[in-house]
Amino acid sequence: MKGIILAGGSGTRLSPSTLSINKHLIPVYDKPMIYYPLSVLMLGGIKEVLIISTPHDVSRFKDLLGNGESLGISISYLSQEDPNGIPEALVIGEHFIGKDDVTLMLGDNIFYGQGFTTLFRKAIKNHEHATIFGYRVKDPERFGVAEFNERKKVVSLEEKPDDPKSDFAVTGLYIYDHHAVEIAKHLEPSERGELEITDLNKEYLKMNKLNVELLGRGFAWMDAGTHESLFEASEFVKNIQQRQGFKLACLEEISYYMGYINKDDLIDMGNSMAKNDYGRYLLDIANRKHIEQYWDDLVGHPMLEVMSHE
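Using the working numbering, read the sequence shown as starting at 40 and increasing by one per residue.
Here it is in structure tokens:
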């Protein structure tokens, strides 16, 4: 399984903040927005990641994350010349995907909840063709909407319907087989002039090859692409971290926990940021006396609870 994060777009919903910076580099509380989707892929066990951004911004992501070696993973980069829609990410990443399955995630989506990583890893393990994730919202007319039967099989998909057939929105997290690339190539642009991810998912639905995983009321899904949602996401992360004492989407912590980097690596990273809370947090993790206690402390933690001694 490989992973793609689409972090392009014009960022008009966050103007003027995005006039000089890509929105996915804007902090969500104490870390760049891109950390959140990358943490999801890492927690899913995905070690090969492609980040797609604008030609102007690719170098900025490289400055931030490099080739992923410091995190024990591989990160590569490609550019999307124009914001032509989500499915184009699959076409751009064709050679990266090859014959592998791929998880595609939008760079401004944030997921949180007890058991989310378990659900995600199980979805990857049981994946066959295409899997989408549904989340109940109070305003489904703003989203792509999935209707499903009592067996949780998708029966219809609609993009921003006036009269939604369900209140489950399709989130910005998708798992596909490599055939998605060819399907994306044959999609026609919508009235917006873009390729629509709903149209891609409909093709899998026509073939009876579309599965849905539902995120229950114990989960939180946020799209941090507007001023209001960005502020709400930052407040959410701040409150969770201050109350629990754990950081969400801490890439260095995840790498250490997964065994991708060692204690000395973590200490070096912590020392490089020792003047702030983030660096001190890394040093605190590294200085725990017993790794068994470290594992025990993280049992049940929503962002880190599935990674066990597999």
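C-beta: ideal position from N, C-alpha, C; glycine also.
Take Tyr68 as the anchor and find which of Lys286, Asp303, Tyr299 has the nearest alpha-carbon. Measuring from the Cα of Tyr68, the nearest candidate turns out to be Lys286.
Inter-residue spacing [alpha-carbon to alpha-carbon] between Lys70 and Pro203: 35 Å
Contained beta strand (DSSP E) runs [length at least 3] in the stretch 204–284, N- to C-terminal order: 207–215, 249–254, 258–262
Supposed contact pair Met40 and Thr142 - C-beta distance, whole angstroms, cut 8 Å: 6 Å
Contact check, Ile43 vs Leu89 under 8 Å by CB: the rounded distance? The beta-carbon separation of Ile43 and Leu89, rounded to 5 Å, stays under the 8 Å limit for a contact.
Over the uninterrupted alpha helix (DSSP H) stretch that includes Ser115, give me the two end residues. Segment 113–118 is the beta strand (DSSP E) holding Ser115; no alpha helix (DSSP H) there.
Cα-Cα, which of His63, Leu212, Gly47, Leu158 is closest to Leu269? His63
Report back the beta-carbon spacing between Ile125 and Leu45 to the nearest angstrom; my notes put them in contact at under 8 Å. 6 Å
Rounding to the nearest angstrom, what Cα-Cα distance links Ala263 and Leu58 in this structure? Looking at the two C-alpha atoms, the distance is approximately 17 Å.
The beta strand (DSSP E) with Gly42 in it runs from where to where? Segment 41–45, the beta strand (DSSP E) holding Gly42.
Counted within 10 angstroms of its Cβ, other Cβ atoms place Met144 as buried (16 or more) or exposed: buried
Is it true that the CB of Gly84 sits closer than 8 Å to the CB of Ile300? no
Does the count of Cβ pairs from the stretch 127–135 and the stretch 100–111 closer than 8 Å reach three? no
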